[in-house]
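A.B. asks: Could you have a look at this structure, given as structure tokens, before my questions?
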Amino acid sequence: NAGVTQTPKFQVLKTGQSMTLQCAQDMNHNSMYWYRQDPGMGLRLIYYSASEGTTDKGEVPNGYNVSRLNKREFSLRLESAAPSQTSVYFCASSALPGQGKVSYTFGSGTRLTVV
Amino acid sequence: SQQGEEDPQALSIQEGENATMNCSYKTSINNLQWYRQNSGRGLVHLILIRSNEREKHSGRLRVTLDTSKKSSSLLITASRAADTASYFCATELSGYSTLTFGKGTMLLVSP
Numbered sequence: 203n204a205g206v207t208q209t210p211k212f213q214v215l216k217t218g219q220s221m222t223l224q225c226a227q228d229m230n231h232n233s234m235y236w237y238r239q240d241p242g243m244g245l246r247l248i249y250y251s252a253s254e255g256t257t258d259k260g261e262v263p264n265g266y267n268v269s270r271l272n273k274r275e276f277s278l279r280l281e282s283a284a285p286s287q288t289s290v291y292f293c294a295s296s297a298l299p300g301q302g303k304v305s306y307t308f309g310s311g312t313r314l315t316v317v
Numbered sequence: 009s010q011q012g013e014e015d016p017q018a019l020s021i022q023e024g025e026n027a028t029m030n031c032s033y034k035t036s037i038n039n040l041q042w043y044r045q046n047s048g049r050g051l052v053h054l055i056l057i058r059s060n061e062r063e064k065h066s067g068r069l070r071v072t073l074d075t076s077k078k079s080s081s082l083l084i085t086a087s088r089a090a091d092t093a094s095y096f097c098a099t100e101l102s103g104y105s106t107l108t109f110g111k112g113t114m115l116l117v118s119p
């Protein structure tokens, strides 16, 4: 099925461990995004990549790094996990924003717990 | 900080009733979008309304946008139990290429 695929779906980390969340889309979208969702906070943008070869910080980038590996793949890395990074992480993709009519396609999420 | 704020935070209705959710935002937008999230799942795009539009329909969904009041409403007519989900508004701000989401409205539709 066409869409956005995230791996893993669940992960438990110990404080200080590192990990990479993977995201791939097969819709030939130019732009990709990483959000985190916390109870009562809605979704907050961590990083995004408007097009292949570019990445930019969002609202809450501290503690994260990203790599736009190619047009299909956009990974999120936690170098030294902290309990405050316990959250559900969503990857999304879209066509290049323009003319005010672009919507996002979301993956099913990665539920991360840092103990 | 949140750009969009949904109201109410939670809404409980009976099947067949209409559900109305509101969204307010703070700055100029290119468009406003509504998404649905079923428990434990990703968000699904429902409808997009551009800043120069006032009303859009899609099936049982009706969205209005009032840019003078910086507000939008989502109406779901003849609700079904399957409509039970969280609903989020998201705004694409003028001059930006990313979406900013509100905190959502939890809708419970009882049979």
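Same order as they appear, the protein sequences are chains A and B.
For my numbering, count along the first sequence from 1 and bump the result up by 202.
For my numbering, count along the second sequence from 1 and bump the result up by 8.
The beta carbon of each residue, even a glycine, is placed where N, CA and C say it ideally should be.
Which residue's Cα is closest to the Cα of Ala294(A): Gly103(B), Ser94(B), Thr108(B), Ala86(B)?
C.D. replies: Of the listed residues, the one whose Cα sits closest to Ala294(A) is Thr108(B).
A.B. asks: Any idea which residues DSSP pairs Ser243(A) with across the strands?
C.D. replies: Going by the sequence as given, residue 243(A) is Met instead of Ser. Met243(A) pairs with nothing; no bridge assigned.
A.B. asks: Between the region 41-49 of chain B and the region 80-93 of chain B, do three or more beta carbon pairs fall short of 8 Å?
C.D. replies: Yes: the two stretches touch, three or more of their Cβ pairs being nearer than 8 Å.
A.B. asks: Would you kindly work out how many angstroms separate the C-alpha atoms of Met234(A) and Asp228(A), rounded to a whole number?
C.D. replies: Using only the alpha carbons, I get a separation of about 12 Å.
A.B. asks: At 8 Å on the CB atoms, spell out the chain B contacts of Gly260(A), in chain order.
C.D. replies: Within 8 Å Cβ-Cβ: Thr106.
A.B. asks: Under 7 Å between the Cβ atoms of Ser32(B) and Leu116(B)?
C.D. replies: In this structure, Leu116(B) does not lie closer than 7 Å to Ser32(B) by Cβ.
A.B. asks: Give the interface partners of Lys64(B) over in chain A, defined as CB-CB distance under 9 Å, in chain order.
C.D. replies: Ordered by position in chain A, no residue passes the 9 Å Cβ test against Lys64(B), which lies about 12 Å from the chain.
A.B. asks: Relative to the alpha-carbon of Ile37(B), which residue among Glu100(B), His65(B), Val52(B), Asn26(B) has its alpha-carbon at the smallest distance?
C.D. replies: Closest option to Ile37(B), Cα to Cα, is Glu100(B).
A.B. asks: Please report the residue range of the beta strand (DSSP E) in which Ser296(A) lies.
C.D. replies: Element bounds for Ser296(A): 289-296.
A.B. asks: By the 10 Å Cβ neighbour count, where 16 or more other Cβ atoms means buried, how is Phe212(A) classified, buried or exposed?
C.D. replies: By the 10 Å Cβ count, Phe212(A) comes out exposed.
A.B. asks: Looking only at its own chain, which residues have a Cβ that is under 6 Å from the Cβ of Ser269(A), when we skip the five neighbours before and after it?
C.D. replies: Correct list, in chain order: Ser277.
A.B. asks: Going straight from the alpha carbon of Ala226(A) to that of Glu275(A), what length do you get?
C.D. replies: If you take the alpha carbons of Ala226(A) and Glu275(A), they lie about 4 Å apart.
A.B. asks: Ordered along the chain, which non-local residues of its own chain (more than five positions away) have a Cβ less than 6 Å from that of Ser282(A)?
C.D. replies: If we look at Ser282(A) and ignore the five residues flanking it on each side, its Cβ neighbours are Gly218.
A.B. asks: Return the bridge partner residues of Ala93(B) from the DSSP annotation.
C.D. replies: Note: Ala93(B) sits in a beta bridge opposite Leu115(B).
A.B. asks: How long is the line joining the alpha carbons of Leu314(A) and Ser59(B), rounded to whole angstroms?
C.D. replies: Leu314(A) and Ser59(B): Cα-Cα distance of roughly 36 Å.
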